[in-house]
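With our numbering, the residue at position 179 of the sequence shown is 305, and numbering never jumps.
See structure below.
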Amino acid sequence: MKYIGNKTRLLDFIYESMIDANIPMKGTFCDIFSGTASVAKFFKNKDFKIISNDFMTYSYVAQYVNIKINKMPSFSKISKNGIDEVISFLNNMKPIKGFTFENYAPEGKYKRQYFSNENSMKIDAIRDKIEEWNVNGLLSRDEYYILVYSLVDAADFVANISGTYGAYLKIWRSMALKPLTLVVPDITTNNKDNEVFQEDSNELIKRIESDVLYIDPPYNGRQYAPNFHVLESLTVWDKPKLIGKTGQRNYEDKKSRYCLKREATDAFEDLIVHAKTKYIVLSYNNEGIIPREEIIRILGNKGKMLEYTTDYRRFRTESDNEHRKYKKCDDKVVEHLFIVIC
Ligand SMILES: C[S@@+](CC[C@H](N)C(=O)[O-])C[C@H]1O[C@@H](n2cnc3c(N)ncnc32)[C@H](O)[C@@H]1O
């Protein structure tokens with residue numbers, strides 16, 4: 127998934143840096159800003175017990191499916207043959223005009239272009255069906271989240287955007303015209319009682335303990351809620367009244383202090399002060415809003431610090447190309463990994 131700060135392509139760098147720092151690959155690994163859950167999933171497969179967290183609902187569902195669930199459930203109340211049959215049934219549903227069509231399709235009331243008319247009508251039919259099954263008690267919690275995750279993932283794949291949902295494209299990208307297709311999510315197991323949360327990290331940190339605490343906070347002013355609002359609305363399915371040209375949902379309660387220049391350093395210091403862990407692993411890049419000296423001061427209070435770096439391709443969206451100015455004119459940022467032996 128294209129997601130600001132997605133660490134999928136940096137997993138080997140993170141892992142090898144941890145090995146170099148002699149961090150034992152056992153115990154509890156906490157991914158406290160989990161996003162797509164890519165890092166938590168990687169370390170679930172390395173045999174850690176995982177704790178993960180993120181305050182966005184679409185992330186919570188991704189964590190639930192990829193981290194908490196260890197075994198594909200049976201879907202026995204709606205199918206004799208399990209998940210494959212259910213996904214195939216959903217993929218063949220008759221499209222209907224509903225919330226998605228009205229708000230995100232070109233022929234909908236607001237003429238937005240996040241999804242084609244056909245795909246938005248398919249999303250409406252499938253998402254309503256999942257909700258109906260759930261309300262009628264036909265799905266376990268695991269089953270419900272697997273289906274919601276599968277739909278949101280499929281919708282993201284055909285969204286007419288260049289990177290975030292901050293804006294839709296005026297010209298259709300070819301993927302957006304392909305038919306929406308749900309696929310069966312890949313469920314991995316580590317046979318451990320993994321825990322997933324949807325909380326403010328600075329609150330959760332006071333109640334948890336870990337061996338490795340992985341911290342990947344937002345590093346610039348772009349808030350996640352307005353940039354991924356469509357995923358949030360398809361996940362929550364509360365069908366709110368959306369506002370503005372791009373159809374934003376209200377995100378007053380989902381503003382991150384880590385995206386605010388005046389507050390990011392204090393938020394980070396508060397997080398680190400409350401961390402109860404043997405090792406801290408922090409991802410941050412050279413264009414982050416917390417000054418490097420402050421990161422070093424705050425982490426230094428906790429123990430011995432090591433620093434690793436790697437070049438990384440910048441996360442870009444189309445609007446970035448038009449309006450944003452970068453400190454350097456190339457496409458590379460330096461990704462830092464700070465490791466603290468507490
Ligand atoms: C850089 S991204 C993490 C990316 C993730 N490592 C991945 O590979 O997909 C930062 C995440 O922090 C979340 N976030 C921001 N502020 C938060 C807060 N105060 N509490 C919990 N989550 C927060 C955002 O929703 C976002 O998903």
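Ideal Cβ placement from N, Cα and C applies to all residues, glycine included.
As the structure is a computational prediction, the values presented were derived from the model and not from experiment.
Leaving out five residues before and five after residue i in sequence, what residues of the same chain have Cβ atoms less than 6 Å from its Cβ?
i, result
"aspartate 342", "Phe159 and Ser409"
"phenylalanine 420", "According to the sequence as given, residue 420 is glutamate; it is not phenylalanine. Result list for glutamate 420: Thr391, in chain order."
"leucine 432", "Ala147 and Ile465"
"phenylalanine 174", "Phe155"
"aspartate 138", "none"
"threonine 436", "Phe139 and Glu461"
"isoleucine 213", "Leu308 and Val310"
"phenylalanine 225", "Lys365"
"asparagine 447", "Residue placement at asparagine 447 is poorly supported in this model, since its pLDDT is 45, which falls under 50; the coordinates still yield a value, given next. Result list for asparagine 447: empty, nothing under 6 Å."
"glycine 414", "Tyr345"
"glutamate 329", "none"
Helix, strand or coil for residue i per DSSP?
i, result
"lysine 172", "coil"
"threonine 134", "helix"
"leucine 463", "strand"
"glutamate 335", "coil"
"leucine 432", "strand"
"isoleucine 416", "coil"
"serine 200", "coil"
"tyrosine 230", "helix"
"lysine 194", "helix"
"phenylalanine 155", "strand"
"arginine 423", "helix"
"isoleucine 213", "helix"
"tyrosine 345", "coil"
Given that a residue counts as buried once 16 or more other Cβ atoms are within 10 Å of its Cβ, and exposed if not, what is residue i?
i, result
"glutamate 258", "exposed"
"isoleucine 331", "buried"
"arginine 375", "buried"
"proline 417", "exposed"
"threonine 403", "buried"
"asparagine 353", "buried"
"aspartate 312", "exposed"
"aspartate 268", "buried"
Cutting at 7 Å between CB atoms, please list the residues of its own chain near residue i, excluding the five before and the five after it.
i, result
"asparagine 286", "Gln239, Tyr240, Phe241, Tyr294, Leu295, Trp298, Arg299 and Ala302"
"lysine 128", "Gly289"
"leucine 264", "Lys203 and Ile204"
"phenylalanine 169", "Phe155 and Ile176"
"serine 336", "Thr154, Phe155, Cys156, Ile177 and Thr403"
"asparagine 217", "Thr307 and Leu308"
So that I know if they touch, is there some Cβ in chain B lying closer than 9 Å to that of residue i?
i, result
"glycine 414", "Within the model displayed, chain B is absent; a lone protein chain is all it includes."
Can you list, in chain order, the residues of its chain whose CB lies under 8 Å from that of residue i, leaving out five sequence neighbours each side?
i, result
"serine 178", "Cys156, Asp157, Ile158, Ser160, Ala163, Ala166, Gln189, Ile193, Asn320, Glu321, Val322 and Phe323"
"serine 246", "Thr226, Phe227, Tyr230, Ala231, Gly234 and Tyr240"
"lysine 220", "Ala251"
May I ask you to check if the CB of residue i is nearer than 8 Å to at least one heavy atom of ligand 3?
i, result
"glutamate 395", "No copy of ligand 3 appears in this structure; the ligands present are ligand 1."
In chain order, which alpha helix (DSSP H) runs of at least 4 residues are fully inside the region 233–276? Listed in chain order, they are 243–261.
Do three or more CB pairs link the region 318–328 to the region 160–176 at distances below 8 Å? Contact annotation: the region 318–328 touches the region 160–176, with at least three C-beta pairs closer than 8 Å.
Under 8 Å, with one C-beta from each stretch per pair, do the region 366–384 and the region 193–212 reach the 3-pair mark? The answer is no - the region 193–212 does not touch the region 366–384, with fewer than three Cβ pairs under 8 Å.
Whole alpha helix (DSSP H) runs in the region 371–410 with 4 or more residues, listed along the chain? DSSP runs (the alpha helix (DSSP H)) wholly in the region 371–410: 390–400.
Is it a yes or a no for the region 361–369 touching the region 301–316, going by three-plus beta-carbon pairs under 8 Å? Touching, no, given that fewer than three Cβ pairs across the two stretches are closer than 8 Å.
At least three beta-carbon pairs within less than 8 Å, the region 248–256 to the region 276–286: In short, these stretches touch, since the Cβ pair count reaches three.
Does the region 349–366 come close enough to the region 183–197 that 3 or more CB-CB pairs lie under 8 Å? Contact holds: three or more Cβ-Cβ distances are below 8 Å.
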